[in-house]
Amino acid sequence: MTDEDDSVADDDTVTDDEDTVTDDEDTVTDDEDPATNEDDTVTGDDDDDVDMTPPSDPASSGLMTFTVVETIAGGLDSTIYLPDGDGPFPVVVFTHGFQLSPIDYVSYGEHLASWGYVAVLPQFPGNILSSPTHAELSDSVTDVLDWIESDPTALGGIADSSALALAGHSLGGKIALLVAAQDERPDAVFAIDPVDSGPPTGGNAVDYPSVAPELMGYIDAPILLVGEIQNSFGSGFTPACAPAGENFQSYYASATGPAMQLEVVGASHMSFLDNPFCLVCLACPSGTDDPVVTKSLTREFMTSFLESELRDQDWPSAWLGGDELDGLETAGLVAAQMKNGF
């Protein structure tokens with residue numbers, strides 16, 4: 023889809039006037055519903071140090087426990103997943119899709135934190151009748167990056183702002199790419215089914231700039247684009263949620279730096295959400311995939327990509343062009359392309 027909104031759940035932990043993350047949280051276990059935990063320490067295999075040895079599958083949770091807090095990040099209400107440890111930990115800013123919110127991507131925040139990443143999931147303001155322009159959303163994410171970089175205590179004093187990735191789904195994927203085209207700080211961009219088009223009512227090129235192909239040449243950071251083609255075309259009264267010519271394939275085609283595109287075969291635009299059958303999701307026809315598998319594959323490649331780019335690990339090469347990727351392609355689960363030295 024194309025534009026965004028809605029709010030995150032209320033949380034008991036807030037920041038002071040200096041927007042510094044606080045540490046008053048409760049402890050819960052992994053078998054609780056992740057969508058309902060608000061200000062919590064989530065337990066996995068308790069270890070204060072990041073173990074760089076991959077599990078059998080990078081789609082699996084990592085070894086870190088983590089804490090979830092709500093705060094104001096650069097002016098935006100945000101859900102933040104903080105690994106329990108001294109750090110410093112790389113940072114991933116993950117932006118949501120149109121008419122969605124961070125609550126729709128809890129599994130991504132939890133997964134990233136379990137692998138030792140500080141995950142910042144900001145909530146875009148507005149609603150379906152009145153939303154910020156794409157240029158304004160890009161500026162807001164830039165403000166989040168400024169906040170992370172300028173205040174060492176902003177993320178509990180454990181964030182490494184020199185190891186930074188942007189990620190997002192749908193409009194959030196576009197905004198991640200738009201920010202990367204204007205800001206040199208991101209070291210990697212992971213975009214999930216990004217959509218380049220403006221709002222349904224249209225918009226001018228200043229407020230709703232097209233990224234592909236116009237701005238892709240300005241992105242130097244490596245890019246991994248995960249997407250689907252089931253929702254590339256509309257049907258009857260149902261519009262295309264990720265239109266052909268404005269979907270992940272168009273971003274890949276116009277990328278001038280290291281890039282990889284990964285089609286998840288049979289997935290729909292909403293297969294990537296924690297709940298692909300949400301009310302907003304009904305606007306996009308379901309795919310032929312199993313959304314559980316789709317999300318697992320997405321986490322698998324997200325983890326591999328970030329471990330390679332932000333931690334300079336070698337083992338992800340098996341998923342980013344080696345035997346593991348070959349096996350998934352042979353099984354008909356994904357179709358991948360790479361270029362420009364990815």
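The numbers in the sequence shown follow the working numbering, run straight up by one, and end at 364. The beta-carbon is built from N, C-alpha and C at its ideal position, and this holds for glycine as well.
Rounded C-alpha distance that separates residue i from residue j
{"i": "Gly224", "j": "Tyr230", "result": "9 Å"}
{"i": "Glu47", "j": "Asp79", "result": "Confidence at Glu47 is low in this model, with a pLDDT of 45, below 50, so its placement is unreliable and the value that follows should be read with caution. Their Cα atoms are separated by approximately 30 Å."}
{"i": "Thr51", "j": "Ala264", "result": "Low local confidence applies: a pLDDT of 37 at Thr51 is under 50, so the model's placement there is unreliable, with the coordinate-based value given in what follows. When rounded, the distance between both Cα atoms is 37 Å."}
{"i": "Tyr130", "j": "Ala353", "result": "25 Å"}
{"i": "Leu199", "j": "Asp182", "result": "21 Å"}
{"i": "Trp337", "j": "Gly309", "result": "31 Å"}
{"i": "Ile251", "j": "Val286", "result": "9 Å"}
{"i": "Thr316", "j": "Ala289", "result": "7 Å"}
{"i": "Ala81", "j": "Gly178", "result": "27 Å"}
{"i": "Ser172", "j": "Thr155", "result": "25 Å"}
{"i": "Phe111", "j": "Gly220", "result": "34 Å"}
{"i": "Leu186", "j": "Ala275", "result": "24 Å"}
{"i": "Asp126", "j": "Gln335", "result": "29 Å"}
{"i": "Ala135", "j": "Leu304", "result": "30 Å"}
{"i": "Val113", "j": "Thr325", "result": "13 Å"}
{"i": "Val128", "j": "Glu236", "result": "32 Å"}
{"i": "Gly349", "j": "Thr164", "result": "38 Å"}
{"i": "Glu268", "j": "Ser232", "result": "9 Å"}
{"i": "Pro124", "j": "Val314", "result": "18 Å"}
{"i": "Pro144", "j": "Leu347", "result": "31 Å"}
Sub-8 Å separation of residue i and residue j beta-carbons
{"i": "Leu246", "j": "Phe212", "result": "yes"}
{"i": "Ser162", "j": "Gly96", "result": "yes"}
{"i": "Leu284", "j": "Val201", "result": "no"}
{"i": "Asp215", "j": "Ala234", "result": "no"}
{"i": "Val140", "j": "Leu188", "result": "no"}
{"i": "Thr253", "j": "Pro298", "result": "Per the sequence shown, residue 253 should be read as Asn rather than Thr. No, they are not a contact pair."}
{"i": "Val142", "j": "Ile180", "result": "no"}
{"i": "Phe270", "j": "Ala262", "result": "no"}
{"i": "Thr175", "j": "Gly239", "result": "no"}
{"i": "Thr117", "j": "Ile170", "result": "no"}
{"i": "Val166", "j": "Leu98", "result": "yes"}
{"i": "Glu351", "j": "Ala340", "result": "no"}
{"i": "Asp108", "j": "Met86", "result": "no"}
{"i": "Ala157", "j": "Val228", "result": "yes"}
{"i": "Pro280", "j": "Phe364", "result": "yes"}
{"i": "Leu342", "j": "Met292", "result": "no"}
{"i": "Asp168", "j": "Glu331", "result": "no"}
{"i": "Ser100", "j": "Thr93", "result": "yes"}
{"i": "Ser272", "j": "Gln204", "result": "no"}
Buried/exposed call for residue i, threshold 16 Cβ in 10 Å
{"i": "Asn362", "result": "exposed"}
{"i": "Leu301", "result": "exposed"}
{"i": "Asp345", "result": "exposed"}
{"i": "Ser184", "result": "exposed"}
{"i": "Ala266", "result": "exposed"}
{"i": "Glu206", "result": "exposed"}
{"i": "Glu132", "result": "buried"}
{"i": "Val91", "result": "buried"}
{"i": "Glu329", "result": "buried"}
{"i": "Ser257", "result": "exposed"}
{"i": "Asn59", "result": "Caution is warranted here: a pLDDT of 39 is assigned to Asn59, below 50, making its placement in the model unreliable, and no coordinate value can be reported."}
{"i": "Asp312", "result": "exposed"}
{"i": "Gly119", "result": "buried"}
{"i": "Gly138", "result": "buried"}
{"i": "Asp73", "result": "With a pLDDT of 49 at Asp73, under the threshold of 50, the predicted position of this residue should be treated as unreliable, though the coordinate-derived value follows. By the 10 Å Cβ count, Asp73 comes out exposed."}
The region 176–192 / the region 144–162 touching (three or more Cβ pairs under 8 Å): no
Whole alpha helix (DSSP H) elements within the region 288–349, 4-residue minimum: Those alpha helix (DSSP H) runs which fall completely within the region 288–349 and span 4+ residues are 313–333.
Cβ pair count under 8 Å reaching 3, the region 305–320 against the region 238–245: no
Unbroken stretches of the alpha helix (DSSP H), 4 residues or longer, contained in the region 108–151: 128–136
Contiguous alpha helix (DSSP H) assignments of at least 4 residues, all confined to the region 183–232: Taken in chain order, the complete alpha helix (DSSP H) segments of 4 or more residues contained in the region 183–232 are 193–204.
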